[in-house]
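To keep things clear, I will list the structure first and then write my remarks on it.
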DNA sequence: ACAATGGTCC
DNA sequence: ACTCGGACCATTGTA
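Numbering (the numbering used here), first residue to last: 11 to 437.
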C-alpha cells in the first residue's frame, strides 16, 4: 500500500508490524516487572487536601439544592438543575435518560446559576479522588512500586495500560502536575521523559506526501503557527494566538476525520465558518485532501486500510447502507494508518532502546553493581526511563537519539527530553 | 452482571 | 437530530 513511498527519502527497517508486536512483547513484560515508584506519603497529603475541599463543595451544593440528592447521579442532578431550578436546556445535548450534565454542557449555562461552578469543581476533585488518589496507593508493592499491565490488543496497534492504567494519569489543571509529581525516581536515580513532538502530524505529512506540510515541518518550529499562516494566508509573524488555536484544532481534526460540525463545536463557531476553514485547509494542503480520499477509496474497494509497516484495519461497515456507520468507518480509515504508524514507530523505539540499555548494562556490570537505566512507562508518544543520577544526562541523549532515528520519515522526527526527580519535573 | 454517563490521558 | 481517532475506570441504576 505504501510501497511507492519507500524508494524516496523514507527509510524503514525491514520488519513487519507483526514482528514489531512480537519483539516488543518481552520489553513490555520487563517494564511491568520493574514498575515505577510512587511517593505514597505525598499522594496521601494531596488526598487529604482534596477530600476536604470536595466535602466542602458537596455541603455547599446540597445547601443550595435544599434537598437530599445524590450529586453523583446524572439523573438526579438533571432533575435538580432543569426541573427544580428550571435552568435553560436550549442548546444542551440530550442523553437517553434526559438532559446531559456533562461538563461541556454545564459550562454553557455556568453563568445562569452559582451552583454550576460548584458542581464542576466538585466533579473534578471527585474524579481525582476516586480514580487516582484513593486506588493507586493500594496497588503498590512492598518496594513502593506500581506495576501496570501492558496489552497490545487495540484496533490501531497502540499499546494499552491497565490495572492500573498509567496512560491517563492527570497532567492538566491545578492538581495534574502535583499528582504526576508523585511518580518518582528511586533513590539515587532520575526519571527521563522523552516524547515525540507532533508524531502523528509528521506521519500524516509523509503518508500524504503533502508538500506544504512537509515544508512546514522542515522550515518551522511551530507547526500550528505555520498552519495558521498557510490557512489564513498571512506571514508567520502576524499569526495571532486565536489563529494559532484555530489551526491547532484543525490539525488535530484532520487526524480524526473531522466534520464541519465537529470543528464548529470544538471552536465554538458557526458551522458555516467551520466549513470554510476546512475547505481552505484542504485547498492549502492538497496532499492531505488526496490522502483522505485515497484512504476512503481504498477502504471501499479492499475493505481495509493499513499502516506503514502493514498492520491492517478492517472496515466492515464502509459499504453499508447506514450513513452514520459509513461515516464512522471513513473516519477510522483516515485515522488508523496515522495512529497505527505512530504506534509502530514508538514500539520500534522501545525495542531498540531496550536493546541498547541492555548492552550498556552489560558494559557497566564490571564497574558497578547498580542496575543501569531501565524503561518504565510508555504513553503513546512518550517513554519514561529511570537512570542513575550520574548517568541521566548521557542516557537522555541516547534515548532521544534512538527515538529520533528509529525510522527516517520525509520530515525530521523530533523528541523532547527532560530529566527530573519525578515525572512532572521531567516533562 | 451490565448499560449508561461522565471524565482522564494521548 | 446528530456528527472527531484510540484507550481505562468510577459511579449509578437496572436486570
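The beta-carbon is built from N, C-alpha and C at its ideal position, and this holds for glycine as well.
Every value quoted in this text rests on a predicted model; they were computed, and no experiment measured them.
Simplified DSSP state of residue i, which is helix, strand or coil
i	result
residue 242	helix
residue 172	strand
residue 432	strand
residue 419	coil
residue 14	helix
residue 119	coil
residue 256	helix
residue 205	strand
residue 193	strand
residue 375	helix
residue 219	coil
residue 353	helix
residue 21	strand
residue 88	helix
residue 396	strand
residue 210	helix
residue 388	strand
residue 249	coil
residue 233	helix
residue 105	strand
residue 426	strand
residue 199	strand
residue 46	strand
Cβ separation of residue i and residue j, assumed to be a contact under 8 Å, to the nearest whole Å
i	j	result
residue 325	residue 12	Not confirmed; about 17 Å, so no contact.
residue 327	residue 338	7 Å
residue 419	residue 20	6 Å
residue 130	residue 139	Not a contact, Cβ separation roughly 15 Å.
residue 360	residue 388	6 Å
residue 348	residue 273	18 Å between Cβ atoms; not a contact.
residue 298	residue 214	7 Å
residue 135	residue 60	5 Å
residue 191	residue 433	7 Å
residue 238	residue 256	7 Å
residue 222	residue 295	5 Å
residue 204	residue 34	That pair is no contact at about 16 Å.
residue 267	residue 341	3 Å
residue 193	residue 46	6 Å
residue 109	residue 99	5 Å
residue 323	residue 314	6 Å
residue 202	residue 395	4 Å
residue 416	residue 362	6 Å
Burial state of residue i (16 or more Cβ within 10 Å)
i	result
residue 101	exposed
residue 208	buried
residue 376	exposed
residue 441	Missing from the structure shown is residue 441; the chain here goes from 11 to 437 and no further.
residue 82	exposed
residue 171	buried
residue 515	Residue 515 lies beyond the range of the chain shown here (11 to 437); nothing can be said about it.
residue 111	buried
residue 132	buried
residue 271	exposed
residue 398	buried
residue 17	exposed
residue 345	buried
residue 236	buried
residue 286	exposed
residue 437	buried
residue 77	exposed
residue 248	exposed
residue 42	exposed
residue 307	exposed
residue 28	exposed
residue 343	buried
residue 392	buried
residue 113	exposed
* Considering only residues of the region 286 to 340, which uninterrupted alpha helix (DSSP H) runs meet the minimum length of 4 residues and lie entirely inside it, listed in chain order? -> 296 to 312
* What runs of the alpha helix (DSSP H), each 4 residues or longer, lie entirely inside the region 50 to 82? -> 50 to 75
* Asked: Counting Cβ pairs closer than 8 Å, one from the region 361 to 378 and one from the region 154 to 163, do we hit at least three?
  -> no
* Do three or more CB pairs link the region 43 to 51 to the region 123 to 134 at distances below 8 Å? -> no
* Spell out a yes or no on whether the region 332 to 346 and the region 177 to 188 are touching, meaning 3 or more CB-CB pairs, one atom from each, closer than 8 Å. => no
* With contact counted as at least three CB pairs below 8 Å, one residue from each stretch, are the region 227 to 239 and the region 415 to 433 in contact? -> yes
* Asked: Do three or more CB pairs link the region 278 to 287 to the region 189 to 205 at distances below 8 Å?
  -> no
* Answer yes if the region 279 to 299 comes into contact with the region 251 to 267, meaning at least three C-beta pairs across the two stretches below 8 Å, and no otherwise. => yes
* Is the region 343 to 361 close to the region 161 to 168, with three or more CB pairs under 8 Å? -> yes
* To do: May I have a chain-ordered list of the beta strand (DSSP E) segments no shorter than 3 residues that lie completely inside the region 107 to 163?
  => 159 to 161
* At least 3 beta-carbon pairs within less than 8 Å: the region 63 to 75 vs the region 398 to 410 -> no
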